[in-house]
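Participant: Quick one: the structure is below, and I'll ask about it shortly.
Protein chains: 2
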Amino acid sequence: MRRIVECVPNFSEGRRPEVIGQIAAAIEGVGGVKILDRSPDPDHNRTVITFVGAPEPVGDAAFAAIARAAELIDMDQQRGEHPRMGAADVVPFVPIAGVTMDDCVALARQVGARVGEELGIPVYLYEAAATRPERVNLGEIRPKSHQYEQKKTDVGRDEKWTPDFGPAKVGKAGLTAIGARAPLVAYNVYLTSENVAIAEKIAKAMRHSSGGLRYVKARGFLVEGRAQVSMNLTDFTQTPIFRVVEMIRREAARYGVGIESSELIGMIPQRALIDTAVWYLQLDNFEPRLVIENRLAEE
Amino acid sequence: MRRIVECVPNFSEGRRPEVIGQIAAAIEGVGGVKILDRSPDPDHNRTVITFVGAPEPVGDAAFAAIARAAELIDMDQQRGEHPRMGAADVVPFVPIAGVTMDDCVALARQVGARVGEELGIPVYLYEAAATRPERVNLGEIRPKSHQYEQKKTDVGRDEKWTPDFGPAKVGKAGLTAIGARAPLVAYNVYLTSENVAIAEKIAKAMRHSSGGLRYVKARGFLVEGRAQVSMNLTDFTQTPIFRVVEMIRREAARYGVGIESSELIGMIPQRALIDTAVWYLQLDNFEPRLVIENRLAEE
């Protein structure tokens with residue numbers, strides 16, 4: 000099977016197209032990677048770029064983008080709505096196909112070491128790549144109350160903020176969080192009801208924070224006259240999408256309604272859909288090599 | 000999306016490995032195709048080779064294999080259990096991804112024309128590529144009562160047997176049927192029952208020939224103490240696998256049993272599984288570009 004890692008770096012620039020263009024060019028300058036999406040947000044003054052490829056070129060492209068962002072973005076000048084601490088603010092590696100989470104952790108640490116040593120930028124490892132429990136959540140590394148300006152003062156003084164790689168000293172490129180996480184699937188379910196209270200009750204039943212499934216974040220909304228359960232599935236390999244939709248179906252039935260339709264926001268790894276088909280068809284002995292396309296991608 | 004055609008030629012040689020090896024080498028000698036399977040059958044003295052690639056190289060590889068088989072297999076010497084009429088006996092092109100059935104019909108006709116003109120082998124077009132209704136079914140083109148020996152006499156005398164391409168004269172390489180058909184999915188369902196009569200009743204309800212679904216062939220068996228509904232789905236794009244399994248589930252419930260598990264025999268196109276996931280998840284606005292792997296395969 001083809002080995003695919005996704006990288007979804009966030010840069011602290013969403014207003015100057017020429018800067019975003021140069022960062023994207025640095026990524027594309029590395030052969031063997033492909034940019035799937037580029038989303039600049041002028042209000043938050045922030046851009047998210049999504050690119051994919053085999054692990055080695057994805058690591059090289061991430062490094063090249065972090066280096067270019069450090070040259071072009073001066074954090075002493077940067078202003079915007081979103082909490083931020085560096086020119087390349089957050090750089091997650093995501094296993095898509097033929098690679099494990101451990102592979103992505105190793106990649107995050109390799110790229111982190113290079114960024115620290117060669118660019119002199121302090122690096123925190125986060126999520127699956129974290130070296131300390133309090134650095135798993137990005138929100139604890141970069142709280143609203145401790146952004147670039149506060150870190151400039153405290154890194155080097157307070158051991159709490161000592162980086163995993165690079166100098167304990169913050170320059171104009173700020174700091175970068177580099178990590179590994181599972182692919183995020185944004186999945187919304189529309190009910191055969193106009194009653195948003197039902198969507199809210201189902202969302203409460205589904206989400207981890209109020210007793211539901213471990214890797215589900217959920218809220219209820221009214222969208223174009225339809226009650227909608229809006230979800231982020233933060234690890235479909237552990238809380239699969241078929242279990243989520245069947246649980247919603249059962250909860251909805253309790254209120255006398257059904258599922259009208261559903262939608263994906265953004266992209267999904269093939270595996271999430273194949274796993275779904277295998278579960279409903281009860282294909283106990285399924286293996287990915289049975290899919291013709293996967294066989295073609297083998298070397 | 001990557002364009003993939005499958006070709007599943009049947010050759011009238013299943014005993015001499017060196018001949019099969021040379022035919023396979025002719026296929027692999029064309030860059031851009033990949034052999035997925037090679038199944039020689041000494042009893043039937045016949046070999047099925049499965050290979051895939053983009054339409055153009057698959058057409059070239061099929062032509063090369065037919066040419067090599069014509070050099071190496073003398074139909075005047077060939078004996079075996081299976082009905083046959085040529086060295087390269089049957090050559091179907093199958094749309095897997097990013098190509099339509101019409102593309103495969105065009106490919107079958109191009110290759111057929113080359114085989115007729117350049118190799119001097121008479122060619123019948125069959126299934127979706129057929130030019131006459133009585134040539135749709137291979138069984139009517141090559142009945143047990145009208146194989147190589149009978150065709151040698153009748154082609155050129157009887158307009159019924161005039162080929163679509165090539166001379167109305169049969170040489171030692173015989174004749175070749177070239178066509179286009181949908182991918183075949185071999186799918187077996189095991190019931191929570193040891194009663195083969197239930198599997199037989201469900202098979203009867205499912206299969207086209209006794210009033211069931213259009214593209215389903217089904218029989219009931221007892222396999223390792225379990226009642227099994229064994230099926231060939233001859234066009235999953237028109238009779239989808241999710242509809243088949245849900246209909247079996249409902250029929251089984253009528254006898255108080257359920258589905259224990261199911262299995263694929265051989266390979267399946269990705270699309271058959273993705274279609275299944277989309278149906279169960281009710282993803283009304285799904286498009287193949289939402290799958291990350293498909294985006295990567297785009298040029």
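Residue numbers (numbering that gives the first Met the number 0), protein chains in the order written: chain A, 0 to 298; chain B, 0 to 298.
Just so you know, even glycine gets a beta-carbon here, dropped at the ideal spot from N, CA and C.
Predicted, not measured: the structure shown is a model, and the values here were computed from it.
(1) Using a Cβ cut-off of 8 Å (strictly closer), state whether D59 of chain B contacts chain A.
(2) Of all Cβ atoms in chain A, is any one closer than 8 Å to the Cβ of S192 of chain B?
(3) Straight-line CA distance for D42 of chain B to R270 of chain A?
(4) DSSP state of R156 of chain A, grouped into three classes?
(5) Rounded C-beta distance between V122 of chain B and G111 of chain B? I'm assuming under 8 Å.
(6) Which runs of the alpha helix (DSSP H) spanning at least 4 residues fall entirely within the stretch 163 to 234 of chain B, listed in chain order?
(7) Can you tell which of A:E259, A:F285 and A:G31 has the C-alpha that lies nearest to the C-alpha of S260 of chain B?
(8) Looking at the structure shown, is K33 of chain B part of a helix, part of a strand, or coil, going by DSSP?
(9) Using only the alpha-carbon positions, how far apart do V114 of chain A and I291 of chain A sit?
(10) Can you have a look at E223 of chain B and say buried or exposed, based on whether 16 or more other CB atoms are within 10 angstroms of its CB?
(11) State whether the stretch 234 to 248 of chain A contacts the stretch 201 to 213 of chain A, with contact taken as three or more CB pairs (one from each stretch) at a distance under 8 Å.
(12) Assuming K151 of chain A and V169 of chain A form a contact by the criterion Cβ under 8 Å, report the distance between their Cβ atoms to the nearest whole angstrom.
(13) Grab me the residues of A185 of chain B's own chain with a C-beta within less than 6 Å of its C-beta, minus the 5 sequence neighbours each way, in chain order.
(14) Which of helix, strand or coil does DSSP assign to T275 of chain A?
(15) Any beta carbon from chain B within less than 8 Å of I258 of chain A's own beta carbon?
(16) Going by CA-CA distance only, name the one from B:L106, B:T175, B:T161 and B:A25 that's closest to M84 of chain B.
(17) Looking at the secondary structure, which residues open and close the alpha helix (DSSP H) in which V114 of chain A lies?
(18) Return yes when the Cβ of D88 of chain B is within less than 8 Å of the Cβ of F164 of chain B, no when it is not.
(19) Residues of chain A with CB closer than 7 Å to the CB of S261 of chain B, please, in chain order.
(20) What in chain B is Cβ-close to R108 of chain A, meaning under 8 Å?
(21) By alpha-carbon positions, which one of A:M205, A:P8 and A:Q227 ends up nearest to T191 of chain A?
(22) Strictly under 8 Å for the Cβ-Cβ distance: is F235 of chain B near chain A by that measure?
(23) Would you say the stretch 14 to 25 of chain A touches the stretch 67 to 78 of chain A, given that touching needs at least three Cβ pairs under 8 Å?
(24) Could you give the residue range of the beta strand (DSSP E) that holds L124 of chain B?
(25) The beta strand (DSSP E) spanning R312 of chain B covers which residue range?
(26) Short of 7 Å in beta carbon distance, which residues of its chain neighbour V256 of chain B, apart from the five on each side in sequence? Order them along the chain.
(27) For L183 of chain B, decide whether its Cβ has a neighbour in chain A, counting only Cβ atoms nearer than 8 Å.
(28) Could you check if A179 of chain B is buried or exposed, using at least 16 other CB atoms within 10 Å of its CB as the buried criterion?
(29) Hey, does L212 of chain A have any beta-carbon neighbour from chain B nearer than 8 Å?
(30) Closest to D73 of chain B by CA distance: which of B:G58, B:G173 and B:R294 is it?
(31) Classify R78 of chain A as buried or exposed, calling it buried when 16 or more other Cβ atoms lie within 10 Å of its own Cβ.
(32) Shortest alpha-carbon distance to R45 of chain B belongs to which of B:I34, B:P82 and B:G28?
(33) Would you call the CB atoms of V195 of chain B and L221 of chain B closer than 8 Å?
(34) In chain order, what residues of the stretch 215 to 228 of chain B put their CB closer than 9 Å to some CB of chain A?
(35) Run through the DSSP bridge pairs and tell me what N9 of chain A is partnered with.
Facilitator: Reading from the atomic positions:
(1) Here residue 59 of chain B refers to the residue found at position 60 of the second sequence. No, its Cβ sits nowhere closer than 8 Å to a Cβ of chain A.
(2) As a working note, residue 192 of chain B is residue 193 in the second sequence. Any Cβ of chain A closer than 8 Å to the Cβ of S192 of chain B would place that residue at the interface, and such an atom is absent.
(3) Along the second sequence, one-based indexing puts residue 42 of chain B at 43. Along the first sequence, one-based indexing puts residue 270 of chain A at 271. Between D42 of chain B and R270 of chain A, the C-alpha separation is close to 40 Å.
(4) Residue mapping note: residue 156 of chain A aligns to position 157 of the first sequence, counting from 1. Three-state result, R156 of chain A: coil.
(5) For this step, residue 122 of chain B is matched to residue 123 along the second sequence. For this step, residue 111 of chain B is matched to residue 112 along the second sequence. Indeed, because the Cβ distance is near 4 Å, the residues count as touching under 8 Å.
(6) Runs of the alpha helix (DSSP H) inside the stretch 163 to 234 of chain B: 195 to 205.
(7) Counting from one through the second sequence, the residue named residue 260 of chain B turns up at place 261. Ranking A:E259, A:F285 and A:G31 by Cα distance to S260 of chain B puts A:F285 first.
(8) Within the second sequence, numbered from 1, the residue matching residue 33 of chain B stands at position 34. DSSP places K33 of chain B in strand when its eight states are reduced to three.
(9) Walking along the first sequence from the start, residue 114 of chain A turns up at place 115. Walking along the first sequence from the start, residue 291 of chain A turns up at place 292. Cα to Cα, V114 of chain A sits roughly 40 Å from I291 of chain A.
(10) The sequence position of residue 223 of chain B within the second sequence is 224, counting from 1. Counting Cβ neighbours within 10 Å, E223 of chain B comes out exposed, since fewer than 16 surround it.
(11) In this structure the stretch 234 to 248 of chain A touches the stretch 201 to 213 of chain A; the number of beta carbon pairs closer than 8 Å is three or more.
(12) For this step, residue 151 of chain A is matched to residue 152 along the first sequence. For this step, residue 169 of chain A is matched to residue 170 along the first sequence. By a beta-carbon distance limit of 8 Å, K151 of chain A contacts V169 of chain A. Their separation comes to about 5 Å.
(13) Reading the second sequence from its first residue, position 186 is the one you call residue 185 of chain B. Correct list, in chain order: N231, I264 and G265.
(14) On the first sequence, residue 275 of chain A is found 276 positions in, with the first residue counted as 1. The answer is helix: DSSP assigns T275 of chain A an H, G or I state.
(15) By 1-based counting over the first sequence, the position of residue 258 of chain A is 259. At a cut-off of 8 Å between C-beta atoms, I258 of chain A counts as an interface residue with respect to chain B.
(16) Indexing the second sequence from 1 puts residue 84 of chain B at position 85. Nearest of B:L106, B:T175, B:T161 and B:A25 to M84 of chain B, Cα basis: B:T175.
(17) Indexing the first sequence from 1 puts residue 114 of chain A at position 115. Here the alpha helix (DSSP H) through V114 of chain A covers M100 to L118.
(18) In the second sequence, the residue the question calls residue 164 of chain B occupies position 165. In the second sequence, the residue the question calls residue 88 of chain B occupies position 89. Cβ distance not < 8 Å, so F164 of chain B and D88 of chain B don't count as in contact.
(19) For the purposes of this step, residue 261 of chain B is taken as residue 262 along the second sequence, with counting starting at 1. The answer, in chain order, is L280, Q281 and L282.
(20) Translated into the one-based positions of the first sequence, residue 108 of chain A becomes position 109. Chain B residues near R108 of chain A: none, gap ~24 Å exceeds 8 Å.
(21) Within the first sequence, residue 191 of chain A is the residue found at index 192, counting from 1. Among A:M205, A:P8 and A:Q227, the Cα nearest to that of T191 of chain A is on A:Q227.
(22) In the second sequence, residue 235 of chain B corresponds to position 236, counting from 1. F235 of chain B does not count as touching chain A.
(23) yes
(24) Taking the second sequence and counting its residues from 1, one reaches residue 124 of chain B at position 125. Run containing L124 of chain B: V122 to E126, per the beta strand (DSSP E) assignment.
(25) Given that chain B is displayed from residue 0 to residue 298, the structure contains no residue 312 of chain B and the question cannot be resolved.
(26) For the purposes of this step, residue 256 of chain B is taken as the residue at position 257 of the second sequence. Excluding sequence neighbours, V256 of chain B sits near L190, T191, S192 and I197.
(27) If you number the second sequence from 1, residue 183 of chain B lands on position 184. Not one chain A Cβ lies under 8 Å of L183 of chain B.
(28) Against the second sequence, residue 179 of chain B aligns to sequence position 180. The residue is buried, with at least 16 neighbouring Cβ atoms inside 10 Å.
(29) Working through the first sequence from its first residue, we reach residue 212 of chain A at position 213. It does not; no Cβ of chain B falls within 8 Å.
(30) Residue mapping note: residue 73 of chain B aligns to position 74 of the second sequence, counting from 1. With distances taken between Cα atoms, D73 of chain B lies closest to B:G173.
(31) In the first sequence, residue 78 of chain A corresponds to position 79, counting from 1. Answer is exposed; the Cβ neighbour count stays below 16.
(32) Position 46 of the second sequence, counted from the first residue, corresponds to residue 45 of chain B. If we check each option's Cα against that of R45 of chain B, B:P82 comes out closest.
(33) Locating residue 195 of chain B in the second sequence gives position 196, counting from the first residue. Locating residue 221 of chain B in the second sequence gives position 222, counting from the first residue. In this structure, L221 of chain B lies closer than 8 Å to V195 of chain B by Cβ.
(34) none
(35) Along the first sequence, read from residue 1 onward, the residue named residue 9 of chain A stands at position 10. Note: N9 of chain A sits in a beta bridge opposite A:V47 and A:V89.
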